[in-house]
Structures are given as C-alpha cells and as structure tokens.
Amino acid sequence: VGVKNPVGMHGFRLDVETHVITAATTSVQNLVKCIRGIGIDIEDLILEPLASGEAVLTEDEKEVGIILADIGGGTTDIAVFKDGSIWHTAILPVAGYQLTRDVAIGLGLPFDVAEEMKKRYGSVMPVYESKIETTGTISENGHGISYQDLCDIIRARVEEIIRLILLELPRSEYETLVPAGLVLTGGTANLSGIDALGRDILQLPVRVGTPTNIYGITDTLRDPAYATSVGLLLWGAKYKGTQTWKSRRFGIGLRHLISRIKNLFF
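If you want the working numbering, it's the 1-based position in the sequence shown plus 1200.
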C-alpha cells in the first residue's frame, strides 16, 4: 500500500496509480442539458456506484476490500473497493428493466402490471406451499398468476445478474481479496431473499445496502432504491466548493488532474 496523503513529505519522485473513468461525451452533454433545463446547475459529475458507496459502505469495508453492485433500472453498476480506494468499475447492461420484461413476457402481462407485481410480490427465495397461491392479478390470457411461477422467473434473471458480477471479479484482479463480500443496492435489491441467493452463488458475505447512520434521514429514504440519491447528497456535502465540473471542459480532464497533482508539491 502506498502513501495515501503525501502532502508535506519529502521525496525524489512521485508516482500515482489512478482509476480513470470515461463516458460518451454526447451522453454526458445530454444529461447536463436535461438537468440544467429544469433550472438546476451542476457542480460535478460522479459515477453512480461511487455515489451509492458513500451512502451504504463503511470506511472499514472499503479498506479491507468489498464489491458494490447497484442494480438499477437499465444497468447494473459495479465498483470494487480496496485499501480505501476504488480499484475497478464495470457496467452490466442487464438490471431491473430486463427482469420486469421477463415477468411480462413469461406471464403474459402488460409491462406496468408486471412491474407492480415484481415490486409487490417478487422474491428469489419463495416459501413453497403445498397449494400454489395466486397473487390475484389476472394475465392477458385469462389465467390466474402463480406465485411460484412469478418467483421462478425473477430468480432466473437475478441468478444471471449475480453470476455476471462473479465473472467481473477476475478483471478487477482482486477476486480473492474482497473479504467484506458484496453489497447489493438499487431498487432490485429490495427483492426478498436476494442476499441469501448471492451468498449461495458467490460463497461470499452478501448484504443489502441501505442508507443508514445518517442524521436526519427519513425512514422513506432508508431503502436501497435511494442509495444513489442519498449518496449524491453526501458526496456534495463532502466535496462542497471543489467545483471540478465548472473548472474543466471535455477533453482536458486528464491534464487538469495532472496539474492539480503538481500543485500539491511545487
């Protein structure tokens, strides 16, 4: 482990290991335009799992090694933390939207009804009764919906997501150095039994991450679906005044970073 804060120390050479995150310029510009269009200015941009990590991870977990997976609507965003810093990030193009689509197709339901059923009854580890229960919703073909069928469809897609997370670990070069395990957050993490399924597949500690130990937060926000939103507020409070977004243009981010490092020592 290197020196995390070399300010004030003497030395002959400065080396730094950085993790560079890039994004499509047009996508970022469209996002910025959308936010500014409703009268809100932007001080900085942050990758989603970094924001979520501020809300649901402890400093000890980041130090010993942990994986964060934010399973949102359209993507699953992964970040691996080690020695208190981020070491690897990845984005998987499968998440809650695909899960809802599976339910809609598999049970013959309109998409909005499938979304509601997923949220209200969804589970990956259902307790099977001798008599198959129905949720009370009627599919388009007129048959009742089996609770067991619903959970089987959800479990299959969630298993795929967790196994894709497992496949991503070797790319981080820290697959055996994450003793704190996996933290799942995002709306899909509300599915009953998802942490137990994760432990079965990964053979690692797995928990659902909710924003906690934050003074003044309401019970409504103590939900994995709000991890990113709460994390953005925490990030803004932590780094308030840096205004890194306003101080740079597209294409000069790396030069700006190098300039800031030089200013620390010269």
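The beta-carbon is built from N, C-alpha and C at its ideal position, and this holds for glycine as well.
Inset, instruction - Counting only the same chain and skipping the five closest in sequence on each side, list residues whose C-beta sits under 6 Å from that of I1305. - result: The residue you call residue 1305 lines up with position 105 of the sequence shown. Correct list: empty, nothing qualifies.
Legend entry - CA-to-CA distance, V1313 to L1299, given in whole angstroms: Your numbering for residue 1299 matches position 99 in the sequence shown. Your numbering for residue 1313 matches position 113 in the sequence shown. Roughly 13 Å separates the two Cα atoms.
Legend entry - Limits of the beta strand (DSSP E) - the one that F1281 falls within: Taking the sequence shown and counting its residues from 1, the one referred to as residue 1281 is at position 81. Annotation for F1281: the continuous beta strand (DSSP E) segment containing it runs T1276 to K1282.
Inset, instruction - Output the distance between the C-alpha atoms of G1409 and P1310, rounded to the nearest integer angstrom. - result: On the sequence shown, position 209 is the one that residue 1409 refers to. On the sequence shown, position 110 is the one that residue 1310 refers to. Cα-Cα distance, rounded: 30 Å.
Inset, instruction - For L1369, name the three-state secondary structure that DSSP assigns. - result: Locating residue 1369 in the sequence shown gives position 169, where the first residue counts as 1. Assignment of L1369 by DSSP, reduced to helix, strand and coil, places it in the helix class.
Legend entry - Where I1361 falls: helix, strand or coil (DSSP): On the sequence shown, position 161 is the one that residue 1361 refers to. Assignment of I1361 by DSSP, reduced to helix, strand and coil, places it in the helix class.
Legend entry - I1345 - DSSP class collapsed to helix/strand/coil: For the purposes of this step, residue 1345 is taken as the residue at position 145 of the sequence shown. Here I1345 sits in strand by DSSP.
Inset, instruction - Report whether the distance from the Cβ of V1430 to the nearest heavy atom of the ligand GDP is below 7 Å. - result: Ligands displayed in this structure: none; no statement on the ligand GDP is therefore possible.
Inset, instruction - Excluding the 5 residues preceding and the 5 following R1399 in the sequence, name in chain order all residues of the same chain whose CB lies nearer than 6 Å to its CB. - result: Translated into the one-based positions of the sequence shown, residue 1399 becomes position 199. So the qualifying residues of the chain are V1406.
Legend entry - Own chain, CB closer than 6 Å to P1249, minus 5 neighbours either side, in chain order: What you label residue 1249 is simply residue 49 of the sequence shown in a count that begins at 1. Closer than 6 Å at the Cβ level, and outside the excluded window around P1249, lie L1268, D1270, D1277 and A1279.
Legend entry - Segments of 3+ residues assigned as beta strand (DSSP E) that fall wholly inside the stretch 1256-1313: With a minimum length of 3 residues, the continuous beta strand (DSSP E) runs that stay inside the stretch 1256-1313 are 1266-1271, 1276-1282 and 1285-1292.
Inset, instruction - Measure the CB-CB distance between S1323 and I1354 and report whether it falls below 8 Å. - result: Numbered from its first residue, the sequence shown carries residue 1323 at position 123. Numbered from its first residue, the sequence shown carries residue 1354 at position 154. In contact: S1323 and I1354 (Cβ atoms closer than 8 Å).
Inset, instruction - Would you give the residue range spanned by the alpha helix (DSSP H) that R1407 belongs to? - result: Counted from its first residue, the sequence shown places residue 1407 at position 207. R1407: not part of any alpha helix (DSSP H); member of the beta strand (DSSP E) spanning V1406 to V1408, first to last residue.
Inset, instruction - Kindly list the residues whose CB is nearer than 6 Å to the CB of H1210, restricted to its own chain and excluding five residues on each side of it in sequence; keep chain order. - result: Against the sequence shown, residue 1210 aligns to sequence position 10. Nothing listed; no residue qualifies.
Legend entry - Buried or exposed by the 16-neighbour rule on C-beta atoms within 10 Å, applied to E1368: As a working mapping, residue 1368 is identified with position 168 in the sequence shown. By the 10 Å Cβ count, E1368 comes out buried.
Inset, instruction - Have a look at M1317, G1296 and V1358 and flag the residue whose alpha-carbon is nearest the alpha-carbon of M1149. - result: Residue coverage of the chain in this structure runs from 1201 to 1466, which leaves residue 1149 outside it and unanswerable.
Inset, instruction - List the whole-angstrom C-beta distance separating T1289 from L1350, where the pair is believed to meet the contact cut-off of C-beta under 8 Å. - result: For the purposes of this step, residue 1289 is taken as residue 89 along the sequence shown, with counting starting at 1. For the purposes of this step, residue 1350 is taken as residue 150 along the sequence shown, with counting starting at 1. Contact annotation, T1289 with L1350: C-beta distance approximately 33 Å; criterion of less than 8 Å not satisfied.
Inset, instruction - Inspect the beta-carbon positions of V1303 and I1361 and report whether they are closer than 8 Å. - result: By one-based count along the sequence shown, residue 1303 stands at place 103. By one-based count along the sequence shown, residue 1361 stands at place 161. No, these two residues do not count as a Cβ contact at 8 Å.
Legend entry - Sequence-distant residues of its chain with Cβ nearer than 8 Å to A1291 (five each side left out): Against the sequence shown, residue 1291 aligns to sequence position 91. Contrary to the premise, residue 1291 reads as Ile rather than Ala in this sequence. A distance below 8 Å between beta-carbons, with the five flanking residues on each side excluded, links I1291 to the following residues of its chain, in chain order: T1275, T1276, D1277 and I1278.
Inset, instruction - Kindly list the residues whose CB is nearer than 6 Å to the CB of V1220, restricted to its own chain and excluding five residues on each side of it in sequence; keep chain order. - result: Mapped onto the sequence shown, residue 1220 falls at position 20. Result list for V1220: empty, nothing under 6 Å.
Legend entry - Alpha carbon of V1264 to alpha carbon of S1285, nearest angstrom: If you number the sequence shown from 1, residue 1264 lands on position 64. If you number the sequence shown from 1, residue 1285 lands on position 85. Between the alpha carbons of V1264 and S1285 lies a distance of about 10 Å.
Legend entry - Residue span of the beta strand (DSSP E) that contains V1383, given as start and end: By 1-based counting over the sequence shown, the position of residue 1383 is 183. DSSP places V1383 in the uninterrupted beta strand (DSSP E) bounded by L1382 to T1385.
Legend entry - In DSSP terms, what S1323 is bridged to: Stepping through the sequence shown from its first residue, residue 1323 is reached at position 123. S1392, per the DSSP bridge assignment.
Inset, instruction - Specify the secondary structure class of I1401 as computed by DSSP and reduced to three states. - result: On the sequence shown, position 201 is the one that residue 1401 refers to. I1401: helix per DSSP, three-state reduction.
Legend entry - Residue of N1390, G1208 and V1378 minimising C-alpha distance to D1260: Position 60 of the sequence shown holds residue 1260. With distances taken between CA atoms, D1260 lies nearest to V1378 out of N1390, G1208 and V1378.
Inset, instruction - Name the two residues that bound the continuous alpha helix (DSSP H) containing T1412. - result: Indexing the sequence shown from 1 puts residue 1412 at position 212. In the DSSP assignment, T1412 falls outside any alpha helix (DSSP H) and carries neither an H nor an E.
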